[in-house]
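Below is one structure, written out as C-alpha cells; comments come after it.
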Amino acid sequence: MSDPEKYTVGWICAITTEFVAARAFLDEEHDGPCQVAQHDNNSYVLGKIGNHNVVIAVLPDVEYGIASAAAVARDMLHSFPNVRIGLMVGIGGGAPSRKRDVRLGDVVVSSRDGGQGGVFQYDYGKTIQNQSFQETGFLDPPPMVLRTAMSKLKSTYEMEGHKLVDDVDRALKKIKKRKKYTRPPPESDRLYRSDVVHPAHSADGCDVTCGNDEANLVVRVERDEEEDDPAIHYGLIASGNQLIKDALIRDKLADDRGVLCFEMESAGLMNHFPCLVIRGICDYSDSHKNKEWQGFAAMMAAAYSRDLLHQIPANKIQEERRISEVLGLIREDLGHLHQTAKEAKTIVATSRLERWLRPPDTSTNFNQARKKWHEGSGQWFLDSATFNEWKHGSRRHLWLYGLAGCGKTILSTTIVDHLQKMNDCFVLEFYFDFNDTVKQQVDGLSRSLLFQLYKFGSHPEHLDNLYKSCQDGQRQPDGRTLLSCLHTMIKGSKAIFVILDALDECTERRDLLECLKEFFTTPDLSHARLLATSRPEEEFLSFIPSWLGKEHCLQLDKDAVDNDIRSYVEARLEHSPEFVSKRLSKDLFEQIRKQIGNRADGMFRWAACQLDSFAVCMSPRAIEKALESLPRDLDETYRRMLRSIPVDIEKDAIRLLQFLVHTKRPLAVSEVVEVIATQADEVPQSFDAKRRLFRETDVLRYCPSLVSLIEVSKGYKTRKELHLAHFSVKEYLLKQDQFDLTSSCIVMTKTCLSYLTDIEGDSSKMRQDFPLARYATMFWTDYATSAETSGEVVQAIVKFLQNEVIFERWCRLGRRCQHAGRLLRQRSSSCLI
Ligand SMILES: [Zn+2]
Numbered sequence: 001m002s003d004p005e006k007y008t009v010g011w012i013c014a015i016t017t018e019f020v021a022a023r024a025f026l027d028e029e030h031d032g033p034c035q036v037a038q039h040d041n042n043s044y045v046l047g048k049i050g051n052h053n054v055v056i057a058v059l060p061d062v063e064y065g066i067a068s069a070a071a072v073a074r075d076m077l078h079s080f081p082n083v084r085i086g087l088m089v090g091i092g093g094g095a096p097s098r099k100r101d102v103r104l105g106d107v108v109v110s111s112r113d114g115g116q117g118g119v120f121q122y123d124y125g126k127t128i129q130n131q132s133f134q135e136t137g138f139l140d141p142p143p144m145v146l147r148t149a150m151s152k153l154k155s156t157y158e159m160e161g162h163k164l165v166d167d168v169d170r171a172l173k174k175i176k177k178r179k180k181y182t183r184p185p186p187e188s189d190r191l192y193r194s195d196v197v198h199p200a201h202s203a204d205g206c207d208v209t210c211g212n213d214e215a216n217l218v219v220r221v222e223r224d225e226e227e228d229d230p231a232i233h234y235g236l237i238a239s240g241n242q243l244i245k246d247a248l249i250r251d252k253l254a255d256d257r258g259v260l261c262f263e264m265e266s267a268g269l270m271n272h273f274p275c276l277v278i279r280g281i282c283d284y285s286d287s288h289k290n291k292e293w294q295g296f297a298a299m300m301a302a303a304y305s306r307d308l309l310h311q312i313p314a315n316k317i318q319e320e321r322r323i324s325e326v327l328g329l330i331r332e333d334l335g336h337l338h339q340t341a342k343e344a345k346t347i348v349a350t351s352r353l354e355r356w357l358r359p360p361d362t363s364t365n366f367n368q369a370r371k372k373w374h375e376g377s378g379q380w381f382l383d384s385a386t387f388n389e390w391k392h393g394s395r396r397h398l399w400l401y402g403l404a405g406c407g408k409t410i411l412s413t414t415i416v417d418h419l420q421k422m423n424d425c426f427v428l429e430f431y432f433d434f435n436d437t438v439k440q441q442v443d444g445l446s447r448s449l450l451f452q453l454y455k456f457g458s459h460p461e462h463l464d465n466l467y468k469s470c471q472d473g474q475r476q477p478d479g480r481t482l483l484s485c486l487h488t489m490i491k492g493s494k495a496i497f498v499i500l501d502a503l504d505e506c507t508e509r510r511d512l513l514e515c516l517k518e519f520f521t522t523p524d525l526s527h528a529r530l531l532a533t534s535r536p537e538e539e540f541l542s543f544i545p546s547w548l549g550k551e552h553c554l555q556l557d558k559d560a561v562d563n564d565i566r567s568y569v570e571a572r573l574e575h576s577p578e579f580v581s582k583r584l585s586k587d588l589f590e591q592i593r594k595q596i597g598n599r600a601d602g603m604f605r606w607a608a609c610q611l612d613s614f615a616v617c618m619s620p621r622a623i624e625k626a627l628e629s630l631p632r633d634l635d636e637t638y639r640r641m642l643r644s645i646p647v648d649i650e651k652d653a654i655r656l657l658q659f660l661v662h663t664k665r666p667l668a669v670s671e672v673v674e675v676i677a678t679q680a681d682e683v684p685q686s687f688d689a690k691r692r693l694f695r696e697t698d699v700l701r702y703c704p705s706l707v708s709l710i711e712v713s714k715g716y717k718t719r720k721e722l723h724l725a726h727f728s729v730k731e732y733l734l735k736q737d738q739f740d741l742t743s744s745c746i747v748m749t750k751t752c753l754s755y756l757t758d759i760e761g762d763s764s765k766m767r768q769d770f771p772l773a774r775y776a777t778m779f780w781t782d783y784a785t786s787a788e789t790s791g792e793v794v795q796a797i798v799k800f801l802q803n804e805v806i807f808e809r810w811c812r813l814g815r816r817c818q819h820a821g822r823l824l825r826q827r828s829s830s831c832l833i
C-alpha cells in the first residue's frame with residue numbers, strides 16, 4: 001500500500017476516457033493508497049511520472065460539471081495533503097477562429113491572455129439571470145513552477161517540434177481497447193461553417209447527415225513541415241455549467257474574448273484547487289455530433305501533461321506550498337473576474353437575441369455616408385438655433401426635408417456622430433435604404449431600434465421577456481408586439497435621441513405614418529426626441545406638419561447647403577488623391593470651385609457626380625470642356641453617364657444595371673462578376689468562365705458613378721456588395737424603357753437560366769465554384785413571374801425544365817425549390833400540350 005504523504009502532483013479527470021489516457025502515461029503505477037480520508041469516495045490511481053509521485057482522480061461517473069469537480073478536488077486534498085501542484089487534464093471543445101487555427105487533436109493549455117486568468121467561467125442557458133457565479137473565484141495564474149515548465153516546453157517545441165504523437169503510440173500499447181484512443185483519419189476532422197447547423201433530433205453523425213459538401217465546410221490547408229501537428233495552443237479556456245453547442249456563440253466568445261476552448265469543470269475547481277488546465281480538442285463546440293476524436297484528444301492532453309511534468313525537477317515541487325495551505329491564504333480579489341464573467345454572460349445573451357431578432361445593421365449606412373464627410377460637413381446645421389433648441393429640449397421633434405440628392409443622409413450621420421459625443425443620452429439611428437428590402441420596412445426599423453436599446457443595456461429585461469414569451473426564440477413576434485416592446489423600453493430609459501433617415505425610402509408608407517403618429521402622440525415618450533429626414537413628398541407634407549407643428553418642419557436651406565457643397569468641393573480638390581495627382585493650376589481650381597459650387601443648387605449628389613467625371617479627365621483641356629457643358633440636373637447627368645459607357649461593354653453594363661435596379665436582395669461582387677460573364681443570347685454557351693474579370697473591383701468600370709462598392713459585415717465575415725450609388729439613380733433608370741420591370745425581368749430570367757444551364761462540375765463544390773448559382777436558383781422563378789408575357793422567356797423556361805440533367809442540377813442546388821419545380825414542370829408541359 002502506498003503512503004498518501006508521498007504524492008505531490010494531483011491530476012483530475014472528468015470522464016473514464018480521460019482517466020484511462022492518464023493512466024496509460026504513468027511511467028510506473030503504484031498500489032492503491034493505504035488509507036483515504038473519511039467520506040472520500042473518489043477513485044484513485046497512483047504512480048510516478050519523471051521524478052514525481054502523481055495521484056490521479058476521476059469524477060464519479062456521469063456527474064461531471066463544476067460542483068462535482070470541486071468536491072473531487074476537496075476530497076483529494078484531504079486524503080493527499082501533500083499535493084502541491086494541480087493538473088486538470090482532459091478533453092474540450094475547440095474555438096477555431098481567423099486568428100487561431102485550432103483543430104481536432106490539438107492541445108489547449110490555460111494561460112494568461114489579455115490580462116485575464118487562464119480560465120474564466122461563463123453561465124449559460126437557464127441560469128443566465130442567476131448571479132451565483134459571483135461566489136466563484138478564480139486563481140490565476142497557476143503555480144510558478146508550472147509556468148516555468150510550460151515556457152521551457154514551449155521553447156523546446158519551437159526548436160525541435162514535439163514528439164507527442166510518438167508518445168501516444170507508445171502509451172497505446174498499454175491499452176487493450178486501443179482503437180478508441182487511436183488517431184482518427186484526417187478526413188473525419190470536419191469544421192462546418194458557423195451557419196451550418198446539425199439537424200435537430202437527428203441521431204445520425206455528421207458523416208451521414210451533414211456530409212462533406214465543401215460549401216458547408218471551412219476549408220483548411222494541410223499543416224506544413226514547420227507546424228506541429230497536432231498543434232499546442234496557449235490561451236484562454238472558458239468553463240461553464242453547460243457545454244457550448246452553438247457555433248455562433250462560440251465565434252462571438254472567440255472573437256471578443258479570445259477563448260480557445262470550452263469545457264465544464266475547471267472554473268469550479270479553481271477556487272478549491274489552483275491548477276493548470278490542459279485540454280485535448282475533441283469537437284468544435286457546435287451543434288455537430290462527432291465523438292470519434294475523444295479518445296485521441298484525451299491521449300494528446302495526457303501526453304502533454306506528462307511531458308510537462310518531466311520538465312520539473314523533484315525539489316522544485318517540494319519548494320511549492322501545499323495546495324491545502326495556499327487555499328487558506330487566498331484573498332478573493334475578484335473584481336475583474338466578476339467583470340469578465342458578466343461580460344461573457346452579456347455576450348452570450350446578446351448574440352442569442354440578435355440571431356432571433358435579426359435586426360438590420362445600420363453601421364453599413366453610417367460608414368458609407370461617413371466616407372463622404374468633409375471638413376466641416378453639416379456644421380451649418382449643428383450651429384443653427386433650430387438644432388440647438390431641439391438638442392436641449394425646447395423643440396421635441398424635427399422633420400427636415402429637402403430634394404433628392406441634397407445630402408440628407410450625410411447630414412443625418414453628422415448629427416448622429418455629434419450626439420454620440422454627448423453624455424447621459426442614448427442615440428438610436430435608422431436609415432431607410434432603397435438598396436435593401438429589409439431596411440425598407442417598419443418591421444426592420446423596430447427590430448433595429450430594439451436591438452440598439454438592448455445593447456445600451458436600457459431595460460433589456462423587456463426584450464428578454466419577449467424572447468421568452470416567444471418560446472425562447474422559437475417564434476417571431478408580430479409588428480404590433482415589437483412596437484409596443486419598443487415603447488416600453490423607451491419609456492423606461494433616460495434621454496433618448498432617435499434619428500430616422502430617408503423616410504421616403506420606406507416602402508410601407510401607411511404603416512410608417514401610423515407608427516410615427518403614435519410616437520409623436522404618446523405622452524410617456526416625452527423624453528424621447530426624434531429627428532427625421534425625407535423628401536418633401538405629398539404624404540409626408542399632408543400629415544407630419546399637422547402632428548409636429550409647422551415650425552418644427554424645416555426645409556433644408558438651399559443657401560446653407562450650397563455653402564456646405566462649396567466646402568465639399570474644395571476639400572475634395574485639395575485632398576483627394578485623384579485631384580492632388582493632377583496638380584491643377586490655380587485658375588482651373590478656381591473655375592471648378594466656382595462653377596460646381598454655384599450651380600449645384602442645393603444638390604450634393606450633382607456636385608459629387610461632376611467631380612467624379614472630372615476625376616477621370618485626362619487633361620486640363622478636357623476638364624475645361626466638361627465645365628463648359630455641365631449637365632443641368634441629375635437626370636441629365638445620369639443620361640450622359642449611360643451614354644458614355646463604351647460600346648464594347650454596353651450590353652454587359654445594361655444587364656448589370658437591370659439586375660441592380662430589380663434585384664430581390666443586394667448582389668455580392670462575386671455574383672456581379674458572374675452576371676457580367678453570362679451573355680444570355682450567345683449560343684451555344686452563354687456563361688463563359690473566361691469572361692470573368694481578372695479583378696473583382698473592375699466591376700466599377702462598367703458604370704462608374706452609378707454604382708458603388710459597399711462593405712457589409714455579416715457576423716464576423718465581411719463581403720463586398722455592389723449597390724446603386726444613390727436613390728436618384730434608381731429613379732432615373734426606372735424612367736427608362738429598358739429598365740422597366742418586364743424588360744429587366746426578361747433579361748434577368750434568361751441570365752439566370754443560361755447560367756444554371758452552362759455551369760458544370762462537381763456537385764458538392766457547385767455553390768463554391770459558381771457564386772451566382774445560389775442566387776439564380778432562388779430567384780429565377782420570381783423574375784420569370786414578372787416576365788411571363790414574353791414568349792422568349794416561356795421558351796427558355798420550357799427548354800430549361802425539359803432537360804433532365806439541368807433540371808436535376810437545379811433541384812440539387814436548391815433542395816427546397818424541388819417541390820415548386822415539379823409543379824412548374826407539370827404546368828409548363830401541360831402548356832405545351
Ligand atoms: Zn453535423
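Just so we're aligned, residue 1 is where the sequence shown starts under UniProt numbering, counting upward by one. Idealized CB from N, CA, C, for every residue including glycine.
- According to the DSSP assignment, N53 belongs to the beta strand (DSSP E) that extends over 52-58.
- The region 509-518 and the region 416-431 do not touch, with fewer than 3 CB-CB distances between them shorter than 8 angstroms.
- If you draw a 10 Å sphere on the C-beta of Q294, you find 16 or more other C-beta atoms in it, and that means buried.
- Bounds of any alpha helix (DSSP H) do not take in I496; it lies within the beta strand (DSSP E) bounded by 496-501.
- Taking the Cα of L709 as reference, the smallest distance to any Cα among S448, G92, N367 is reached at N367.
- Taken from the Cβ of H198, at least one heavy atom of ligand 1 lies inside 7 angstroms.
- A distance below 8 angstroms between beta-carbons, with the five flanking residues on each side excluded, links A773 to the following residues of its chain, in chain order: Y755, L756, I759, M766, R767, L813.
- Scanning its chain for C-beta atoms nearer than 7 angstroms, with the 5 sequence neighbours on each side dropped, one finds around S448 the residues P359, P360, T362, F430, in chain order.
- Remark: the C-beta of C282 is outside contact range of ligand 1, defined as less than 7 angstroms to any heavy atom.
- With a beta-carbon spacing of about 4 angstroms, A495 and C425 fall inside the 8 angstroms limit used to define contacts.
- The closest heavy atom of ligand 1 lies 7 angstroms or more from the beta carbon of H201.
- Distances between the C-beta of H288 and the heavy atoms of ligand 1 include at least one below 7 angstroms.
- Not one heavy atom of ligand 1 is found less than 7 angstroms from the C-beta of C485.
- Approximately 18 angstroms separates the beta-carbon atoms of T533 and D559; this is outside 8 angstroms, ruling out the contact.
- Within the same chain, G93, N290 come within 6 angstroms of D283 by CB-CB distance, once the 5 residues on both sides are set aside.
- Within its own chain, the residues whose Cβ lies closer than 6 angstroms to the Cβ of V672, once the five positions on either side in sequence are excluded, are V699, L722, listed in chain order.
- Rounded to the nearest angstrom, the gap between the Cα atoms of Y467 and W356 is 8 angstroms.
- If the five residues before and after V197 are omitted, its C-beta is found closer than 6 angstroms to the C-beta atoms of S287, all from its own chain and listed in chain order.
- With a cut-off of 8 angstroms on Cβ pairs, the region 396-406 is in contact with the region 516-533, counting three or more such pairs.
- The nearest non-hydrogen atom of ligand 1 is less than 7 angstroms from the C-beta of T209.
- Taking a C-beta distance under 8 angstroms as the contact criterion, G118 and H310 do not qualify as a contact pair.
- In this structure, ligand 1 has no non-hydrogen atom nearer than 7 angstroms to the beta-carbon of C261.
- In this structure, C703 lies near L656, with their beta-carbon atoms less than 8 angstroms apart.
- A distance below 8 angstroms separates the beta carbons of G479 and V442.
- Unbroken beta strand (DSSP E) stretches of 3 residues or longer found wholly inside the UniProt domain "NACHT" (396-536): 397-401, 426-431, 496-501, 528-534, given in chain order.
- CA-CA distance, K99 to L191, rounds to 15 angstroms.
- Residue L706 holds the alpha-carbon nearest to the alpha-carbon of A725 among D562, L706, L153, G32.
- Under the three-state reduction of DSSP output, H233 falls in the strand class.
- The alpha helix (DSSP H) runs lying completely inside the region 543-583 and spanning 4 residues or more are 558-575, 577-580, given in chain order.
- T751 places its beta carbon less than 8 angstroms from that of V675.
- Annotation note: the region 153-199 contains the following uninterrupted alpha helix (DSSP H) runs of length 4 or greater, listed N- to C-terminal: 164-172.
- The beta carbon of Q591 sits closer than 8 angstroms to those of E624, L627, all from its chain and outside the five residues before and after it, given in chain order.
- Here W11 is bridged, per DSSP, to I56, L87.
- When rounded, the separation of the alpha-carbon atoms in F19 and P96 is 26 angstroms.
- Within the chosen limit of 7 angstroms, ligand 1 does not reach the beta carbon of C13 with any heavy atom.
- Non-local C-beta neighbours of A149 in its own chain, meaning closer than 6 angstroms and more than five positions away in sequence, comprise L308, Q311, I312, ordered along the chain.
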